[in-house]
Amino acid sequence: MAPVVQSSQPWVEKYRPRQVKDVAHQDEVVRVLTNTLETSNCPHMLFYGPPGTGKTTTALAIAHQLFGPEMYKSRVLELNASDDRGINVVRTKIKNFAAVAVGSSRQGGYPCPPFKIIILDEADSMTEDAQNALRRTMETYSKVTRFFFICNYISRIIEPLASRCAKFRFKPLTEEIMGSRILHICREEGLSLDSEALSTLSSISQGDLRRAITYLQSAARLFGSSISARVLISVSGVIPNEVTQAIFSACRSGNFDLANKEVDNVIAEGYPVSQMLSQLYDIVIDADDISDEQKARICKKFAEADKCLVDGADEYLQLLDVASTTMQALTNMPQDMACES
Amino acid sequence: MLWVDKYRPKTLDKVIVHEDVAQNLQKLVSAGDCPHLLFYGPSGSGKKTLIMALLRQIFGPSADKVKVENKIWKVDAGPRTIDVELTTLSSTNHVELSPSDAGFQDRYVVQEIIKEMAKNRPIDTKGKKGFKVLVLNEVDKLSREAQHSLRRTMEKYSASCRLILCSNSSSKVTEAVRSRCLNVRINAPMEEEIVNVLDFIAKKEGLQLPQGFAARIAEKSNRNLRRAVLTFETCRVQQYPFTNNQAIPPMDWEQYLSEIASDIMKEQSPKRLFEVRGKLYELLTNCIPPEIILKRLLFELLKKLDSELKHEVSHWAAYYEHRMRLGQKAIFHLEAFVAKFMSIYKSFLISTFG
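Respectively, the protein sequence lines represent chains A and B.
Be aware that the first sequence starts at 1, since it is given in full-length UniProt numbering, and climbs by one per residue.
Be aware that the second sequence starts at 1, since it is given in full-length UniProt numbering, and climbs by one per residue.
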């Protein structure tokens with residue numbers, strides 16, 4: 001294991017895989033990259049997938065394995081959203097770095113192939129102009145530079161860039177893989193985690209390993225070394241079932257004032273409404289006694305409200321609107337106000 | 001000194017309202033260290049108080065000695081330099097700032113200033129490297145870009161710097177930032193808890209506080225502790241000794257809004273709309289935030305409506321509030337809501353009474 005690390009280090013960093021082969025569950029990528037290590041050659045890469053599946057980890061690991069600690073600084077340029085990446089930076093910084101020619105020099109057992117790597121993390125937050133400016137740069141210097149793009153949504157990468165890269169989708173981790181990783185950390189840190197807590201952890205983190213580890217660390221910090229499912233729920237910010245059920249049954253009752261009171265309560269308790277919506281969604285979808293048409297009507301409202309929340313609309317009003325629409329749908333009130341703008 | 005400040009708990013073990021949270025926080029920092037934290041909850045629930053108490057717990061009394069600094073940062077943004085003016089509140093070990101004050105330039109604050117602060121770490125007297133705490137207020141008002149910029153900063157400088165974020169709602173903080181923090185939900189205190197606090201203050205001040213009166217203050221405060229304490233102090237000035245049925249002065253703007261609401265209910269005409277607009281303008285010029293006006297107006301209207309109309313009205317309130325957020329001038333949307341309401345109400349009246 002890694003040498004004695006400061007206790008202050010987040011476990012997410014501490015247990016970040018240092019080698020490509022340690023990356024869990026992403027077999028195709030790992031295969032291609034191990035190949036790269038042997039042949040010392042690779043195409044431009046585009047990694048995409050949901051958060052916490054290992055994209056950044058993989059990119060950093062391959063860069064480290066190719067160049068080793070000494071050459072890393074001169075061969076790898078890592079840019080992410082915390083750096084300014086306007087069109088200006090693409091034109092100057094990236095281009096300058098890409099243009100430098102390098103030789104191949106085997107050093108200290110690392111392959112050190114004759115190219116440099118530019119890692120563009122969170123590439124979906126780059127402007128379209130900046131992406132366009134990259135197209136030619138990528139081709140011109142393809143002899144000496146490889147680009148690694150990392151993003152959550154591939155649709156935000158412009159087509160010309162995507163077509164120049166080998167694309168790899170990172171899958172959300174399955175429960176078993178996540179479980180084994182979590183158990184490994186528990187062993188290292190001396191935590192005891194029962195099977196119920198483990199399955200809770202996998203379900204609340206929804207395939208995001210980083211989130212799972214963060215919850216685990218928070219829970220361990222707050223409540224000591226034995227961790228139960230209840231503790232995990234309280235640190236994860238998931239809304240307790242009673243609260244969502246209370247809102248839902250208020251909607252069923254068809255009493256507007258009751259629903260209004262419940263909504264008030266949710267806001268005062270400080271529960272995040274976006275989380276509330278996704279949990280209500282689960283309830284509505286699973287409910288057997290609601291007709292498909294009603295479900296469709298309710299879900300449409302969820303989608304609208306979610307968009308409004310992203311735009312920064314007020315949580316109270318949105319939740320009230322959702323509750324009122326749900327109530328109308330459940331009590332089969334006519335949909336007279338079509339509410340189209 | 002206002003009672004709100006005077007009786008603000010200074011340390012984590014003196015906290016009355018969120019005792020369980022305070023205990024957990026105490027455990028959290030007992031090793032002299034903490035993860036990134038995100039405090040969220042409605043206003044007046046005690047987020048800031050807990051944060052300050054936490055800082056004092058970590059750094060000892062030196063966290064109290066703060067100096068206010070108003071500095072202009074020169075940020076190099078490509079061809080030109082941008083001046084960003086920012087007020088910070090800092091002690092030796094922590095810096096507090098509201099990046100959203102910089103408006104649309106908040107991205108530069110996060111990218112340059114916070115990074116700069118996060119980089120240099122303090123060294124304590126024994127030569128041991130410590131860490132610095134950055135307290136960021138109102139993270140929910142940060143723009144998307146700024147929040148994206150924050151995520152890598154949080155990881156990269158995690159050895160030398162801890163961020164404590166404070167926001168009203170966690171929906172507006174991106175998932176990426178949330179997943180990097182320990183989330184602490186601070187709920188608004190229950191009415192009984194508010195009564196307890198009022199009792200505590202009354203005892204310290206040597207006042208007689210009748211139970212019924214305290215309960216009424218708590219009820220009026222909408223579970224906002226700060227407001228309850230302020231109201232309590234106002235009442236003390238107005239009349240002492242307290243009586244059980246003493247009038248609690250309502251906020252003047254709330255009274256004004258309830259007048260507006262009854263105006264709207266009485267008559268629905270362009271002329272009335274014009275009058276209402278004047279009143280709304282007056283509220284806006286008195287710095288009442290437009291979304292609060294809209295919410296309160298809805299609250300007042302809902303009290304007076306039949307239940308079949310409530311659905312529709314609340315839907316339109318949500319609709320216009322969203323529009324207001326996207327648009328520039330709040331008054332248009334407030335007025336549109338009032339006009340919409342008038343039209344709904346009038347057609348309801350016509351269809352019912354002919």
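From the three backbone atoms N, C-alpha and C, an ideal C-beta is built for every residue, glycine too.
Rounded to the nearest angstrom, the gap between the Cα atoms of B/M1 and B/K10 is 15 Å. For B/V237, the enclosing alpha helix (DSSP H) begins and ends at L225 to Q238. Just so you know, the alpha carbons of A/L46 and B/V184 end up roughly 35 Å apart. A residue is called buried once 16 or more other Cβ atoms fall within 10 Å of its Cβ, and B/E192, having fewer, is exposed.
Of the candidates B/V338, B/L225 and B/L326, B/V338 places its Cα closest to the Cα of B/G278.
Taking a Cβ-Cβ cut-off of 7 Å, the neighbours of A/L309 in chain B comprise S171, given in sequence order.
Burial of A/T53 is indicated by the presence of at least 16 other C-beta atoms within 10 angstroms of its C-beta. Shown here, A/A268 sits in a helix according to DSSP, grouped into three states. Look at A/R210: its C-beta is under 9 Å from a C-beta on chain B.
In the same chain as B/N168, and ignoring 5 residues on each side of it, the C-beta atoms closer than 8 Å to its own belong to Y40, G41, P42, S43, E138 and D140, in chain order. Burial state of B/H333 is buried, judged by a 10 Å Cβ sphere holding 16 or more other Cβ atoms. Taken atom to atom, the span from the alpha-carbon of A/E262 to that of B/F242 is near 33 Å. Setting aside the 5 residues that flank it on each side, B/K310 is surrounded in the same chain by L302, each with a C-beta closer than 7 Å to its C-beta; the list follows chain order. Against chain A, a Cβ distance below 8 Å from B/G41 picks out G270. In the three-state reduction of the DSSP assignment, B/M52 falls in the helix class.
When Cβ pairs closer than 8 Å are counted between the two stretches, the segment 149-165 of chain B is seen not to touch the segment 12-23 of chain B, the count staying below three. Within its own chain, the residues whose Cβ lies closer than 7 Å to the Cβ of A/Q19, once the five positions on either side in sequence are excluded, are A61 and Q65, listed in chain order. Bridge pairing for B/D83: B/K74 [DSSP]. In this structure, DSSP gives B/V133 an extended state, which the three-state scheme calls strand.
Interface criterion met: the Cβ of A/P51 is under 9 Å from a Cβ in chain B. Counting C-beta pairs closer than 8 Å gives three or more between the segment 208-227 of chain A and the segment 172-179 of chain B, which meets the contact rule. Contact between A/I150 and A/E128 is ruled out by a C-beta separation of about 18 Å, above the 8 Å threshold. The residue among B/M117, B/W253, B/E112 and B/A214 with its C-alpha nearest the C-alpha of B/N244 is B/A214. Boundaries of the alpha helix (DSSP H) harbouring A/C251: N241 to S253, taken from the DSSP string. Using a CB distance below 8 Å, the part of the segment 275-294 of chain A facing chain B consists of Q275, ordered along the chain. Against chain A, the beta carbon of B/N183 has neighbours under 7 Å at G237, listed in chain order.
With its beta carbon less than 9 Å from one in chain B, A/R221 belongs to the interface.
Annotation for B/H18: no beta strand (DSSP E) segment contains it, and DSSP assigns it neither H nor E.
For A/T145, the uninterrupted beta strand (DSSP E) segment begins and ends at T145 to C151.
The C-beta distance from B/R296 to B/L257 rounds to 5 Å, short enough to meet the 8 Å contact threshold. By the C-beta criterion, the segment 111-118 of chain A is judged to be in contact with the segment 146-166 of chain A, since at least 3 inter-stretch pairs fall below 8 Å.
Counting only runs of 4+ residues, the alpha helix (DSSP H) found wholly inside the segment 29-111 of chain A occupies 55-75 and 95-99, in chain order. Between A/T58 and A/V23, the C-beta gap is smaller than 9 Å, which places the two residues in contact. Chain A places no beta carbon closer than 9 Å to that of B/I288, leaving this residue out of the contacts.
If you draw a straight line from the Cα of A/K14 to the Cα of B/W3, it comes to about 46 Å. When secondary structure is reduced to three states using DSSP, A/F115 falls in the coil class, being assigned neither helix nor strand.
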